[in-house]
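Heads up: the structure comes next, in structure tokens.
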Amino acid sequence: MKNTTKMIAASALLACAGAAFAQNAAPVSEPRNVVQLSATGTVEVQQDLLVLNLAASKEAADAATVQTQLKQALDAALAEAKRNAQPGQLDVRTGPFGLFPRYGKDGKINGWQGRAELVLEGRDFSRITTTAGKIQTMTISQVAFGLSREARAKVEGEAQTQAIEQFKARAADLAKGFGFSNYSLREVAVNSNESMPGPRPRMMAAEAKMGSFSDSAVPVEAGKAQVIVNVSGSVQMR
């Protein structure tokens, strides 16, 4: 009987505490007079980074022969490229190196083929293209342009300032349009990216014939890129 009385008393205390908490807790109100918006800043800049891919393809009856031939072609190309390498101006790295079986009409392996790649990258276009023209064991398979980290950083701040000022102007206009005198920033996100306006630089669809450049520089011409910064978020009109 005593235990039952204690349980009833405890339940009553809990019920009273719950009721008091419910009375004291302020109701959560949903945000009002909040508007979402975004703004973009864009700066056009000359591309200053050249990425030139060279490749060698080999075929033979056995995988070991293909691998040896590819290694010889890559070693010779590396030796030539490293002679002209200079950090930031001409950086040299190897690309994919792979062997693949070749199948006959009967579905059985009748040989092997392989491909090795070498990448020349940097800001010195003349040094890169002249080096590529001197490499006789590999051919050019792709040419692309971009922005160096230094060039991107130089204009990214300008694009960001444009986006922020545009965001603030739009927020003020919206607040005024809805009959408010001002606004306060609630949240904001800043993102940046790079794009190439108009047609993209043409990639070489077929590899050039071996030695067709006769040690001369490969003709290339960079275009322009756009550094874009987007500012998005929400403001409280007041």
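Positions in the sequence shown are counted from 1; adding 2 to them yields this note's numbering.
Cβ coordinates follow ideal geometry from the N, Cα and C atoms, glycine included.
Fair warning: this is a prediction, and the values are worked out from it, not measured in the lab.
Extent of the continuous beta strand (DSSP E) to which residue i belongs
i    : result
F147 : T141 to G148
L76  : Careful: L76 lies outside any beta strand (DSSP E), inside the alpha helix (DSSP H) at A65 to R85.
G43  : V36 to Q48
V190 : Y185 to S197
G235 : K226 to M239
V53  : L51 to A62
Residues of its chain near residue i, where Cβ-Cβ distance is below 6 Å and the 5 sequence neighbours each way are ignored
i    : result
V53  : E123 and A146
Q74  : none
V190 : G235
A118 : A58, L72, L76 and F99
L187 : V237
F102 : Q115
V36  : S236 and Q238
Own chain residues within Cβ distance below 7 Å of residue i, not counting five before or after
i    : result
Q275 : Nothing can be reported for residue 275, as the shown portion of the chain is limited to 3 through 240.
R172 : L39 and A41
T139 : A58, A75, A78 and A79
G113 : E61, A62, A63 and R104
N184 : A177 and R240
A153 : V47 and D50
F127 : L52 and V222
Span of the alpha helix (DSSP H), counted from its first residue to its last, around residue i
i    : result
V157 : R151 to G179
Beta-carbon proximity check, residue i vs residue j, cutoff 7 Å
i    : j    : result
D86  : S143 : Note on identity: in this sequence residue 86 is Asn, with Asp being the wrong assignment. No, the pair does not count as a contact, with Cβ atoms beyond the cut-off.
V45  : E160 : yes
A81  : T133 : no
K194 : E167 : This sequence places Ser at residue 194; Lys is not what is there. Not closer than 7 Å, so no.
T131 : V222 : yes
G97  : V68  : no
Beta-carbon contacts of residue i that lie in its chain and below 8 Å, excluding the five residues immediately before and after
i    : result
Q162 : G43, V192, S194, V231 and V233
R125 : D50, L51, L52, G90, Q91 and S150
*Where in the segment 89-139 do unbroken runs of the alpha helix (DSSP H), each at least 4 residues long, occur, reported from the N-terminal end onward?*
List check, alpha helix (DSSP H) in window: 127-136.
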